[in-house]
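Student: Numbering (the numbering used here), first residue to last: 3 to 187.
Ideal placement from N, C-alpha and C gives every residue a C-beta, glycine not left out.
1. Determine the DSSP secondary structure at residue 80, reduced to helix, strand or coil.
2. Can you look up residue 182 in the DSSP assignment and give me helix, strand or coil?
3. So, helix, strand or coil for residue 148, using DSSP?
4. So is residue 26 buried or exposed if we call it buried at 16+ other beta carbons inside 10 Å?
5. Return the Cβ separation of residue 115 and residue 69 in integer angstroms, given the expectation that the two are a contact with Cβ distance under 8 Å.
6. Ends of the beta strand (DSSP E) at residue 91?
7. Apart from the five residues just before and just after residue 178, which ones in its own chain have a Cβ nearer than 8 Å to its Cβ?
8. Round the Cβ separation of residue 88 and residue 43 to the nearest angstrom and send it over; I've been treating them as touching at under 8 Å.
9. Output the distance between the C-alpha atoms of residue 183 and residue 168, rounded to the nearest integer angstrom.
10. Hey, how far is the Cα of residue 125 from the Cα of residue 34?
11. Between which two residues does the alpha helix (DSSP H) harbouring residue 31 extend?
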């Protein structure tokens with residue numbers, strides 16, 4: 003048998019805050035943040051603050067973020083060179099397995115930097131204090147290309163693409179280049 007309605011005040015539903023009134027879809031988050039690329043180089047150096055200043059002079063880098071760490075070191079920093087981000091931190095012995103090239107006695111990789119005009123960009127990096135490892139040369143694959151080492155032990159390859167070389171021609175040029183390298187004393 004149905005219950006008879008009760009007399010008295012009607013019961014009001016609890017008022018929900020506006021955010022709970024209707025469920026919202028979570029905002030879509032990009033898997034790669036805006037302004038970043040799929041691969042981002044991360045350098046470990048000794049004297050990160052000085053490295054950031056140097057990269058601004060040598061490569062036109064613009065500092066985007068800096069997080070201080072213990073002992074006046076840099077825990078994390080980001081700089082922008084052209085359309086790319088390079089991340090950087092000081093070496094923290096005992097806290098990280100990453101070591102600066104100066105601690106290892108040499109670099110374990112390099113950064114390849116394409117620029118619109120490599121000659122003046124290369125010259126600026128050398129004037130700022132980079133050591134030339136390979137002078138600018140027109141390479142068989144179509145880049146004007148040179149290699150540098152910065153004062154922190156990191157190696158930088160700088161290039162401007164100057165020629166689109168068809169695959170067969172590139173193979174022929176590569177064979178010629180390797181033959182010439184074999185003739186060196």
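Tutor: So, from the data block:
1. Residue mapping note: residue 80 aligns to position 78 of the chain shown, counting from 1. Correct three-state label for residue 80: strand.
2. Position 180 of the chain shown, counting from 1, holds the residue named residue 182. If DSSP states are grouped into helix, strand and coil, residue 182 belongs with the helices.
3. Walking along the chain shown from the start, residue 148 turns up at place 146. Three-state DSSP puts residue 148 in a strand.
4. If you number the chain shown from 1, residue 26 lands on position 24. The residue is exposed, with fewer than 16 neighbouring Cβ atoms inside 10 Å.
5. The residue given as residue 115 occupies position 113 in the chain shown. The residue given as residue 69 occupies position 67 in the chain shown. With 8 Å as the limit, residue 115 and residue 69 do not qualify as a contact, their Cβ atoms being about 24 Å apart.
6. On the chain shown, position 89 is the one that residue 91 refers to. That run of the beta strand (DSSP E) goes 86–92.
7. By one-based count along the chain shown, residue 178 stands at place 176. Within the same chain, residue 178 has close Cβ partners 142.
8. Walking along the chain shown from the start, residue 88 turns up at place 86. Walking along the chain shown from the start, residue 43 turns up at place 41. With a Cβ gap of about 5 Å, residue 88 and residue 43 count as contacting.
9. Taking the first residue of the chain shown as position 1, residue 183 is located at position 181. Taking the first residue of the chain shown as position 1, residue 168 is located at position 166. For residue 183 and residue 168, the distance between alpha carbons rounds to 22 Å.
10. Taking the first residue of the chain shown as position 1, residue 125 is located at position 123. Taking the first residue of the chain shown as position 1, residue 34 is located at position 32. Approximately 34 Å, taken between the alpha carbons.
11. If you number the chain shown from 1, residue 31 lands on position 29. Segment: none, residue 31 is in no alpha helix (DSSP H) and carries neither H nor E.
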